[in-house]
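Just so you know, we're using UniProt numbering here: the sequence shown kicks off at 1 and counts up by one.
Ideal placement from N, C-alpha and C gives every residue a C-beta, glycine not left out.
Treat the numbers as computed from the prediction; the structure is a model and nothing was measured.
Input: a single structure, listed below in structure tokens.
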Amino acid sequence: MLGRLHPLTPVLRGWRFVVAALAVLVPQNADLLGGGQRGLLRLGTGVAVLLLVGGVAGVLAWRFTRYGIDGGDLRVDSGVLFRRSRRVRLDRLQAVDVVQPLLARLLGMAELRLEVAGGSSTEAPLAYLSLDDAHRLRNELLARAAGIEEDAPEAPERLLHEVPGGRLLASSLLTTPVVVGVVLVPVALGVAAVVEGVGSLLFLAPALLSIAQPLLQQFLANFGFTLAESPDGLRLRRGLLEKRAQTVPPGRIQAVRVVEPWLWRRFTDWVRLDVDIAGYGAGQQASSAQLLPVAPRHEVLALLERVLPGASLPAVRLEGVPRRAAWLAPLTRRVLGAGYDDRYFVARRGLLERETDVMPHERAQSVRVTQGPLQRRLGLASLTLDTTPGPVTVRAEHRDAREAVALALHEAELARRARAAAPPERWMAAHPAAPVVPPALPDPPGDGPGAGPSGAGQPRAPYPPPA
Numbered sequence: 001m002l003g004r005l006h007p008l009t010p011v012l013r014g015w016r017f018v019v020a021a022l023a024v025l026v027p028q029n030a031d032l033l034g035g036g037q038r039g040l041l042r043l044g045t046g047v048a049v050l051l052l053v054g055g056v057a058g059v060l061a062w063r064f065t066r067y068g069i070d071g072g073d074l075r076v077d078s079g080v081l082f083r084r085s086r087r088v089r090l091d092r093l094q095a096v097d098v099v100q101p102l103l104a105r106l107l108g109m110a111e112l113r114l115e116v117a118g119g120s121s122t123e124a125p126l127a128y129l130s131l132d133d134a135h136r137l138r139n140e141l142l143a144r145a146a147g148i149e150e151d152a153p154e155a156p157e158r159l160l161h162e163v164p165g166g167r168l169l170a171s172s173l174l175t176t177p178v179v180v181g182v183v184l185v186p187v188a189l190g191v192a193a194v195v196e197g198v199g200s201l202l203f204l205a206p207a208l209l210s211i212a213q214p215l216l217q218q219f220l221a222n223f224g225f226t227l228a229e230s231p232d233g234l235r236l237r238r239g240l241l242e243k244r245a246q247t248v249p250p251g252r253i254q255a256v257r258v259v260e261p262w263l264w265r266r267f268t269d270w271v272r273l274d275v276d277i278a279g280y281g282a283g284q285q286a287s288s289a290q291l292l293p294v295a296p297r298h299e300v301l302a303l304l305e306r307v308l309p310g311a312s313l314p315a316v317r318l319e320g321v322p323r324r325a326a327w328l329a330p331l332t333r334r335v336l337g338a339g340y341d342d343r344y345f346v347a348r349r350g351l352l353e354r355e356t357d358v359m360p361h362e363r364a365q366s367v368r369v370t371q372g373p374l375q376r377r378l379g380l381a382s383l384t385l386d387t388t389p390g391p392v393t394v395r396a397e398h399r400d401a402r403e404a405v406a407l408a409l410h411e412a413e414l415a416r417r418a419r420a421a422a423p424p425e426r427w428m429a430a431h432p433a434a435p436v437v438p439p440a441l442p443d444p445p446g447d448g449p450g451a452g453p454s455g456a457g458q459p460r461a462p463y464p465p466p467a
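Shown next as structure tokens:
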């Protein structure tokens with residue numbers, strides 16, 4: 001039995017089209033506003049026709065759109081003149097989001113977005129459903145994807161983290177662009193006022209907006225952030241104007257990045273946790289990649305061990321890069337490092353924004369060694385572990401070339417063994433995978449301390465202390 005979207009769907013879908021059309025038509029016909037009653041009548045008639053055509057098109061699109069669960073698929077039929085039937089395999093379901101834009105929230109409606117493995121964009125979005133229907137359908141889809149009976153009640157959840165609004169605002173202010181703007185903008189304002197006059201200050205408004213816009217966007221997107229765990233996965237809720245409820249089923253997190261901006265390291269003990277989620281295209285990751293936007297270090301490390309069982313950063317021994325890498329990375333050579341244990345590969349880089357990437361061996365889809373012309377001259381190479389598109393790129397930069405090749409072969413073997421040993425993953429019911437016995441890795445010759453896995457020059461602190 002196929003169902004229909006909410007009857008008010010044409011209103012929510014059509015208002016943007018109407019506003020855009022009016023923004024184009026009204027300025028082009030501004031002379032009609034001064035043409036007396038006849039001009040106003042002609043303009044009003046055009047607007048009425050536009051509303052009528054848009055309304056009829058929206059109602060027809062709603063009338064011919066149906067959805068329902070058909071066996072192991074979610075089926076969505078749409079189209080008026082040209083019929084289209086899309087099927088989303090539930091066994092490939094990666095994430096389910098319930099999104100409420102501001103107008104939809106006022107009307108008690110929501111959009112359901114489904115992400116599947118290998119997809120570059122949202123598959124068969126259902127816009128719009130009543131909020132209750134959206135949650136009910138999400139629970140049913142997740143239950144069927146997990147092989148649970150279709151009438152199973154909503155899985156219970158346990159709150160893990162909640163980000164206070166004050167901390168979120170402070171973390172947004174403690175960023176390099178904001179601090180640079182606070183220092184440079186007053187100077188620019190003073191110079192402009194003296195040289196060009198007070199009127200020139202208006203031309204600096206775009207610069208102020210460029211600083212404030214990302215700050216405001218980040219704050220609004222993560223306002224009221226909560227993170228909970230349940231048997232069907234991690235549940236994230238966030239947003240002030242557009243409210244988003246995101247559910248990430250078990251095993252869909254491909255890689256994790258611990259991010260430490262310089263100002264956070266200098267004045268606080270905060271870090272951020274970003275993730276790669278299978279099914280999200282690279283363009284979608286920006287709004288969905290933050291598993292925890294800001295939290296104290298110990299809380300983030302504890303969450304990391306829940307997300308990736310057994311992932312203890314302090315236990316992973318990171319090796320530095322050869323001294324000659326300073327020709328290519330003079331400021332970050334002492335920060336660069338890479339290492340692994342029987343479950344995870346870890347890489348570290350970055351000066352102003354220090355990043356520590358963690359990837360389970362079984363998530364590595366390919367391993368590659370690359371060399372630029374200067375790296376070839378210096379006998380260096382970079383090792384990259386590829387996974388699904390997203391913000392986390394696990395890359396060990398400027399390693400000794402022979403070490404990088406040996407490490408790539410070693411990691412490929414670890415990945416093969418880990419995939420064979422990995423069990424099904426379930427939240428709140430841990431089943432630790434059997435440890436992977438690492439194959440022997442030869443120690444290539446280097447050029448001094450920190451050259452390879454047996455080098456002893458670079459500090460082997462597995463996790464950088466706060467600067």
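Between the alpha carbons of serine 366 and threonine 387 lies a distance of about 7 Å. Checking the DSSP bridge columns, you'll see leucine 234 partnered with Glu229 and Val248. The criterion of a C-beta distance shorter than 8 Å is not satisfied by threonine 175 and leucine 352. In this structure aspartate 132 is exposed. Its beta-carbon is surrounded by fewer than 16 other beta-carbon atoms within 10 angstroms.
Contact annotation, aspartate 91 with arginine 113: C-beta distance approximately 18 Å; criterion of less than 8 Å not satisfied. Isoleucine 277 is positioned such that its CB atom lies closer than 8 Å to that of glycine 390.
Between the segment 57-69 and the segment 5-18 there are three or more inter-stretch CB-CB distances shorter than 8 Å, so the stretches are counted as touching. Looking at the DSSP output, glutamine 100 sits in a beta bridge with Lys243. Nearest to valine 88 by C-alpha distance, out of Leu103, Pro373, Leu142 and Val275, is Leu142. Short of 7 Å from the beta carbon of lysine 243, and not among the five residues preceding or following it, lie these beta carbons of its own chain, in chain order: Gln100 and Arg105. Listed as beta-bridge partners of alanine 408 by DSSP are no residues whatsoever. In its chain, beyond the 5 residues on either side, Leu50, Leu51 and Gly54 have a beta carbon closer than 8 Å to the beta carbon of valine 18.
When DSSP reads this structure, tyrosine 67 sits in a beta bridge with Gly3 and Val76. Counted as a single uninterrupted DSSP element, the alpha helix (DSSP H) harbouring glutamate 299 occupies residues 297-307. C-alpha of leucine 407 to C-alpha of alanine 420: approximately 20 Å in a straight line. Per the coordinates, the alpha-carbon of threonine 45 lies some 27 Å from the alpha-carbon of leucine 103.
Contact check for arginine 266 and valine 294: beta-carbon distance about 15 Å, past the 8 Å limit, so the pair fails to qualify. Straight across, the Cα-Cα distance linking valine 316 with valine 258 is about 14 Å. By the C-beta density criterion, tryptophan 15 is exposed, having fewer than 16 other C-beta atoms within 10 angstroms.
The C-beta distance from glutamate 397 to leucine 336 rounds to 6 Å, short enough to fall under 8 Å. Taking each of Arg349, Ala127, Leu41 and Leu22 in turn and checking the Cα distance to alanine 61, the smallest one comes out for Ala127.
Comparing alpha-carbon positions, the option among Val405, Val394, Glu157 and Val182 lying closest to valine 256 turns out to be Val394. Isoleucine 277 has Ile253 as its beta-bridge partners, per DSSP. Under the 8 Å Cβ criterion, the segment 70-85 does not count as touching the segment 220-228, having fewer than three qualifying pairs. Bounds of the alpha helix (DSSP H) holding glutamate 140 are 131-145.
Residue pairing by DSSP places valine 187 opposite no residue, since no beta bridge is assigned to it.
In chain order, Gln94, Ala95, Gly233, Ile277, Ala278 and Gly279 place their CB closer than 8 Å to the CB of arginine 252, counting only its own chain and leaving out the 5 sequence neighbours on each side. With a cutoff of 8 Å on beta-carbon distance, arginine 399 and valine 346 are scored as not near each other. Around the CB of proline 186, fewer than 16 other CB atoms lie within 10 Å, so the residue is classed as exposed. In the same chain as proline 156, and ignoring 5 residues on each side of it, the C-beta atoms closer than 8 Å to its own belong to Ser230 and Pro231, in chain order. Around the Cβ of glycine 339, a 10 Å sphere holds 16 or more other Cβ atoms; the residue is buried.
The beta carbons of arginine 343 and alanine 302 sit no closer together than 8 Å. Straight-line measurement puts the Cα of alanine 145 at about 29 Å from the Cα of arginine 13.
Per DSSP, the unbroken beta strand (DSSP E) holding leucine 160 starts and ends at 158-162. Sixteen is the threshold: when 16 or more other Cβ atoms of the shown chains lie within 10 Å of the Cβ of arginine 363, as they do, the residue is buried. Put simply, of Leu308, Ala325, Pro261 and Leu328 the residue whose alpha carbon is nearest the alpha carbon of proline 296 is Pro261.
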